[in-house]
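Each remark here refers to the structure printed beneath this line.
Chains as they are written, first to last, in my numbering: chain A, 9 to 349; chain B, 9 to 349; chain C, 9 to 349; chain D, 9 to 349.
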């Protein structure tokens with residue numbers, strides 16, 4: 009039985025509390041939040057639970073085996089580090105940290121203390137994502153051609169971070185998970201429509217030393233909430249619409265082929281395949297419940313999470329580079345040491 | 009009665025022939041095409057019509073008052089110039105020309121001969137576009153914040169021009185029509201997935217000296233055909249989905265406001281408005297029929313078309329700049345003389 | 009503060025417990041269920057709450073002001089009667105009772121003891137239903153022409169009652185609420201596809217001494233879950249799709265008019281109006297929360313609920329008549345004393 | 009080369025003319041219509057074609073091998089009979105005739121003269137219908153459980169026939185085609201909302217000596233045009249939505265099974281299967297073109313059409329019985345000699 013302590017009971021913390029409370033193999037031990045109203049809410053929902061005002065008390069609690077951190081991004085590094093130093097396993101909300109340097113410190117501490125460090129890139133734990141990854145692994149999609157995501161809605165405007173760090177973080181974690189290739193260059197263009205607030209709309213493009221291209225559209229000022237990713241491959245294409253109750257994932261037996269007839273004009277060699285559409289049945293469990301189970305399993309069996317600190321760090325590197333490009337009106341920023349002319 | 013001659017009876021020419029044949033005030037006089045099979049098709053559909061093998065004969069035909077050019081883009085300038093020099097009015101398919109220089113020559117010739125020159129930016133003649141423009145004019149949308157378009161489908165791969173010149177041309181004409189502001193910088197990133205073929209996927213962003221940002225996603229390798237533009241304003245937002253039979257245009261009484269309380273934290277001053285959704289009844293006439301009628305009206309009453317040569321030229325300028333940015337991996341290209349650092 | 013006791017913690021009881029626990033003005037006092045597993049579940053979700061094995065103890069509890077009954081339909085009458093006789097207010101799940109005689113006994117007991125008796129016809133408390141009722145009241149829909157409902161899904165097959173008593177009960181309550189006219193005749197045709205089980209598909213039609221007709225399609229063996237009602241009126245028409253997150257209610261400015269020119273052929277006098285579509289913003293609160301608040305308000309202010317015992321009784325009368333028609337292969341059954349030839 | 013003559017160039021005739029004109033193996037020879045405006049329209053669309061005012065001239069034309077009749081239903085019998093007596097093959101629009109007696113006379117005449125008689129039940133020639141039939145034939149759907157159709161729209165109100173004869177005719181032809189079982193009883197309830205006009209909304213139910221039930225909802229006064237049929241089987245279920253451009257047919261690997269454990273309670277033996285959804289690629293040719301080709305093939309190879317006179321007659325029998333039930337407020341009417349109690 010893994011004892012879980014949660015730091016932060018604001019927007020997302022209640023979801024963590026509910027899921028860890030219901031998870032076999034875990035026991036919700038304590039919640040800490042500096043805000044009295046949040047503590048009162050936590051106590052009302054979880055009568056009898058230890059509800060604390062100081063995160064340090066939670067981190068020091070011997071019944072707490074693992075700490076889940078659901079506080080503002082800027083505080084992740086300090087809290088996570090403290091928990092790791094106390095020998096706790098750590099679950100941290102996305103993005104893992106506000107800077108690459110902070111993210112690296114967390115990774116280093118987890119390695120040194122040999123603790124599980126998992127970032128809650130919850131979309132990676134969605135059954136649809138795992139099915140797409142399987143279709144890439146077994147060749148069903150063919151060579152990956154593009155990842156195109158639209159992740160837009162009205163609100164929740166944040167004033168400390170831009171829409172990049174809020175919404176694009178999900179997609180950067182997904183491309184990190186889905187593809188073996190790593191981006192070599194990132195461009196981002198965004199705009200802030202509210203005076204004094206960070207960018208609320210952004211377009212991010214990742215380029216690869218491969219046929220792959222990834223593009224992410226994030227927006228806090230969109231009239232229709234959308235969570236849709238299209239993954240195009242040389243053999244098949246997949247569309248994942250996470251907001252519909254059924255048929256979230258559709259696979260299209262469609263594509264374009266070029267016949268290898270060197271003497272013929274290219275226009276005549278291009279052929280279209282339009283075939284069946286297929287929507288596989290997916291596990292309907294809440295993705296956060298799947299993520300929580302994965303975390304507890306990794307602790308119990310000393311495994312590395314799919315969304316471990318290294319992947320969280322790679323996402324923060326992409327975010328930092330994208331923010332840099334956005335500040336430079338979209339000029340590409342090189343990754344992985346590749347020089348951008 | 010305006011006599012119409014059509015040059016080019018391939019993919020789009022038959023649509024022009026059908027619409028001009030049915031248009032009151034116009035008379036379809038002749039069709040020219042160099043390909044015998046196309047001529048046979050034209051003759052079968054239009055028994056009794058003059059069907060010619062040489063465009064020069066059509067341009068010289070005294071019964072032809074106006075020439076509609078539906079040939080490959082690279083030939084528009086020569087054919088259009090010849091027609092204008094013969095004193096004909098000219099309708100030219102989009103994009104107007106393959107280069108800015110060619111487009112400028114057409115504009116100059118039309119001005120010199122005082123003829124109507126209209127580019128078939130057919131989406132501008134769509135009732136939805138005109139309704140959106142009206143909502144911008146009368147303030148219903150408020151300050152324009154963004155134009156976001158997804159214009160994707162499977163095929164028709166072209167081997168002479170990239171997806172930019174094929175599909176993005178529609179959106180560049182729309183932003184030219186909808187907004188008074190002119191873009192100051194364009195970025196474009198694209199990829200070619202078929203060996204030897206031009207880019208089949210591209211992302212174009214336009215930046216303005218205004219809160220406005222425009223983004224265009226075009227793709228010839230997408231599993232689900234999509235024609236959807238979202239126009240966000242400070243007061244309302246509109247979504248135009250051109251592929252559904254009803255409710256193509258939806259207006260959302262939604263948005264974000266920032267209360268002007270200087271002492272309060274920004275996060276607390278941000279408020280969301282979520283209101284009714286409204287779908288105005290639109291003229292259901294085929295947009296191409298509306299465009300054809302507009303062309304004939306402009307000739308009859310010596311008016312300047314909404315999509316005149318100047319607007320066609322501005323679109324070609326944007327296309328040329330976007331192609332240049334795409335060739336430079338997305339580095340922004342300045343427009344209007346603005347220096348890009 | 010109204011003390012609430014809940015009898016039955018199976019499928020629906022947990023929803024009642026959650027909503028009454030969160031409701032200002034109410035206090036969840038006790039839950040009773042004969043099944044040890046259900047009691048354990050109730051205790052786990054509501055630590056510290058009184059969880060009882062015998063409903064009689066709950067009914068006798070002086071801290072319980074109102075009893076909510078979420079047990080199988082056949083038990084509603086006995087439990088409700090006992091609660092009313094103890095002076096408790098009663099909330100009873102739909103359908104109110106298994107027979108008209110039982111329903112009448114409950115109505116009589118509530119009247120005699122002067123207690124609030126409310127049936128949980130939860131769709132009536134949906135903001136969309138109340139908006140439609142308002143559009144009928146203020147004439148926006150014009151004369152009601154038809155109510156057409158599709159309420160289908162896969163499962164939950166029940167073996168004690170047919171799909172009529174399970175799903176059609178919702179629609180019968182809605183037509184009772186929406187329209188002032190009362191049906192004079194009901195027909196129902198259904199089929200049982202599983203050996204030994206009751207009818208899993210049924211079509212119910214209500215006829216009126218008015219232009220109105222109501223039709224209800226219920227099905228436990230449908231591939232796509234659907235909750236859609238269309239209400240046609242002489243001036244406007246409304247479609248309520250309860251399963252989509254936004255724009256659940258759409259109002260169509262469409263219809264047919266017959267011009268009053270007695271000498272003209274009817275075919276030429278018929279004209280179609282096709283106008284705007286409008287989706288009003290609705291309260292997004294959970295309908296069950298709205299219903300619970302209404303119950304507590306009625307108790308606090310001695311008001312009669314919208315879905316009171318009389319309306320619940322009328323629904324049971326319709327169900328009984330529909331079941332009778334279904335047993336007779338669809339022969340119409342008269343209501344309200346009207347003789348069916 | 010089969011010579012085709014068309015009688016009636018009103019609403020549907022132009023579609024026949026266009027399809028037979030484009031059909032390899034057929035030649036459009038003549039069109040007859042009593043109305044000068046219709047003749048002018050026919051001549052404008054088909055310059056050079058013989059356009060006649062008297063159907064008798066067309067029927068007598070020796071170049072006409074087959075006559076297609078697209079006139080009001082009441083005239084089908086006389087015109088069809090005349091054409092058959094002249095030795096012509098006959099294509100007749102649905103419904104085949106206004107009465108069973110008329111339909112029988114046509115069938116008899118075609119048999120006597122050994123001519124092809126085909127009814128244009130165009131939905132039967134839709135690729136989706138043929139795919140569903142194939143899934144019934146090969147057992148993929150299992151035992152047919154139900155056919156449920158919604159065929160509604162705004163207009164075209166007709167004043168000579170009710171919505172039954174106009175819209176329900178399509179579904180009655182489909183059930184006749186899809187299922188080997190024949191209905192034993194039909195019920196129909198309808199209402200006329202426009203004074204002096206026939207019923208504009210109707211609900212038709214067919215009962216069988218089989219688990220099958222069929223239900224048809226037709227309506228001329230509906231805000232959203234719908235053409236959707238669901239076919240439930242014991243193994244799979246199919247939904248055919250004819251108004252969407254792609255994925256018109258979806259097959260659901262879902263259903264309910266009852267385990268054969270006689271000692272266990274039924275409720276525990278019921279299990280749900282929810283599996284993949286699959287949308288097969290269908291022929292995208294226009295169904296009317298497919299039907300026209302089938303007619304010409306049947307003439308050329310002396311075959312019996314899928315929608316031959318016998319099937320057309322069965323549909324008229326169902327329509328007549330449904331109309332009788334509707335006139336009796338829904339009392340069931342027996343078919344096939346079965347006595348309705």
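Beta carbons: idealized from backbone N, C-alpha and C, even for Gly.
### CA-to-CA distance, residue 198(D) to residue 340(D), given in whole angstroms
Using only the alpha carbons, I get a separation of about 13 angstroms.
### Counted within 10 angstroms of its Cβ, other Cβ atoms place residue 275(D) as buried (16 or more) or exposed
Under this definition residue 275(D) is an exposed residue.
#### Entry: Whole-angstrom distance between residue 243(C) and residue 259(C), CA atom to CA atom
Taking C-alpha positions only, residue 259(C) is separated from residue 243(C) by approximately 11 angstroms.
### Task
Please state if the CB of residue 100(D) and the CB of residue 89(D) are separated by a distance shorter than 8 angstroms.
In this structure, residue 89(D) sits away from residue 100(D), with a CB-CB distance that is not shorter than 8 angstroms.
### Message
With H, G and I counted as helix, E and B as strand and the rest as coil, what does DSSP make of residue 252(A)?
### Response
Correct three-state label for residue 252(A): coil.
### Query
Across which residues does DSSP place residue 126(C) in a beta bridge pair?
Residue 126(C) pairs with 99(C) and 316(C).
#### Entry: Contact list for the region 272-288 of chain C against chain B, Cβ threshold 9 angstroms
Within the region 272-288 of chain C, those residues whose Cβ lies closer than 9 angstroms to any Cβ of chain B are, in chain order, 282, 283, 284, 285, 286, 287 and 288.
### Query
Is the beta carbon of residue 9(C) sitting closer than 8 angstroms to the one on residue 35(C)?
Result yes, Cβ atoms of residue 9(C) and residue 35(C) sit closer than 8 angstroms.
### Length of the line joining the Cα atoms of residue 349(B) and residue 337(A)
Low local confidence applies: a pLDDT of 38 at residue 349(B) is under 50, so the model's placement there is unreliable, with the coordinate-based value given in what follows. Whole-angstrom Cα-Cα distance: 10 angstroms.
### Query
Does the distance from the CB of residue 295(D) to the CB of residue 161(D) come in under 8 angstroms?
Residue 161(D) sits away from residue 295(D), with the two beta carbons spaced by 8 angstroms or more.
### Task
Can you tell me which of the three DSSP states residue 55(D) falls into?
It is coil, neither helix nor strand.
#### Entry: Distance, residue 80(A) Cα to residue 229(A) Cα
Going by the C-alpha atoms only, they are around 22 angstroms apart.
### Message
Let's see if you can read the secondary structure: which residues bound the alpha helix (DSSP H) around residue 21(B)?
### Response
Looking at the DSSP string, the run of the alpha helix (DSSP H) that includes residue 21(B) is 21-30.
### Query
Beta-carbon separation of residue 127(B) and residue 320(B) under 8 angstroms?
The Cβ-Cβ distance between residue 127(B) and residue 320(B) falls below 8 angstroms.
### Task
Would you check if there are 3 or more beta carbon pairs closer than 8 angstroms linking the region 163-172 of chain A to the region 172-190 of chain B?
Not touching, per the Cβ criterion.
#### Entry: is_contact[residue 55(A), chain C] using C-beta, thresh 8 angstroms
Yes, its Cβ sits closer than 8 angstroms to a Cβ of chain C.
### Task
Could you tell me the boundaries of the beta strand (DSSP E) in which residue 153(D) lies?
Judged by DSSP secondary structure, residue 153(D) falls within the beta strand (DSSP E) whose first and last residues are 152-162.
### Message
Using 8 angstroms for Cβ pairs, my map puts residue 73(B) next to residue 96(B). What's the rounded Cβ distance?
### Response
Between residue 96(B) and residue 73(B) the Cβ distance is about 7 angstroms, and since that is below 8 angstroms, they are a contact.
### residue 219(A) (DSSP reduced to helix, strand or coil)
The answer is coil: DSSP assigns residue 219(A) none of H, G, I, E or B.
### Task
Enumerate in chain order the residues of its own chain whose CB-to-CB distance from residue 315(B) is below 7 angstroms, with the five nearest sequence positions on each side excluded.
Answer for residue 315(B): 126, 127, 129, 132 and 181, listed in chain order.
### Task
Please list the partners that residue 170(B) has in chain A, where partner means a Cβ-to-Cβ separation under 7 angstroms.
Scanning chain A for C-beta atoms nearer than 7 angstroms to the C-beta of residue 170(B) yields nothing, as the closest lies near 13 angstroms away.
### Query
With a CB to CB cut of under 8 angstroms and the five nearest residues on each side skipped, what residues in its chain are close to residue 102(B)?
Within the same chain, residue 102(B) has close Cβ partners 127, 128, 129, 130, 177, 178, 181, 320 and 323.
### Task
Assign residue 272(C) to buried or exposed, taking buried as 16 or more other Cβ atoms, counted over all protein chains shown, within 10 Å of its Cβ.
Under a 10 Å Cβ-count criterion, residue 272(C) is classified as exposed, with fewer than 16 other Cβ atoms of the shown protein chains found around its own Cβ.
#### Entry: Contacts that residue 255(C) makes with chain B (C-beta to C-beta distance below 7 angstroms)
Those within 7 angstroms of residue 255(C) in chain B are 285.
### Task
Below 9 angstroms between beta carbons is the criterion; list the residues of the region 151-167 of chain D that meet it against any residue of chain C, in chain order.
Under the 9 angstroms Cβ criterion, the region 151-167 of chain D contributes 151, 153, 154, 156, 158, 160, 162, 163, 164, 165, 166 and 167.
### Query
Helix, strand or coil for residue 282(C) per DSSP?
Coil.
### Task
Count the C-beta pairs between the region 283-293 of chain D and the region 14-22 of chain D that are closer than 8 angstroms, then say yes if the count reaches three, no if not.
The region 283-293 of chain D and the region 14-22 of chain D do not touch, with fewer than 3 CB-CB distances between them shorter than 8 angstroms.
### DSSP-derived helix/strand/coil call for residue 231(B)
Residue state, collapsed to three classes: strand.
### Task
Report buried or exposed for residue 268(A), applying the criterion of at least 16 other Cβ atoms within 10 angstroms of its Cβ.
Under this definition residue 268(A) is an exposed residue.
### Query
What does residue 185(C) pair with, by DSSP beta-bridge criteria?
Beta-bridge pairing links residue 185(C) to no other residue.
### Query
Name the chain C residues whose beta carbon is nearer than 8 angstroms to that of residue 2(D)?
As displayed, chain D neither begins before 9 nor continues past 349, which places residue 2(D) out of reach and without an answer.
### Message
Can you tell me whether residue 309(B) is buried or exposed? The criterion is at least 16 other CB atoms within 10 Å of its CB, across all chains shown.
### Response
The residue in question, residue 309(B), is exposed, as its Cβ has fewer than 16 Cβ neighbours within 10 Å.
### Task
Evaluate contact between the region 202-215 of chain A and the region 234-241 of chain A, counting only Cβ atoms and requiring at least three cross-stretch pairs below 8 angstroms.
Judged by Cβ distances under 8 angstroms, the region 202-215 of chain A makes no contact with the region 234-241 of chain A, as fewer than three pairs qualify.
### Message
Given 7 angstroms as the limit, tell me if residue 30(D) has its C-beta closer than that to any heavy atom belonging to the ligand FAD.
### Response
Among the ligands in the structure shown, none appear at all, so the ligand FAD cannot be discussed.
### Query
Is residue 335(B) buried or exposed, if buried means 16 or more other CB atoms sit within 10 Å of its CB?
Flag for residue 335(B) reads exposed.
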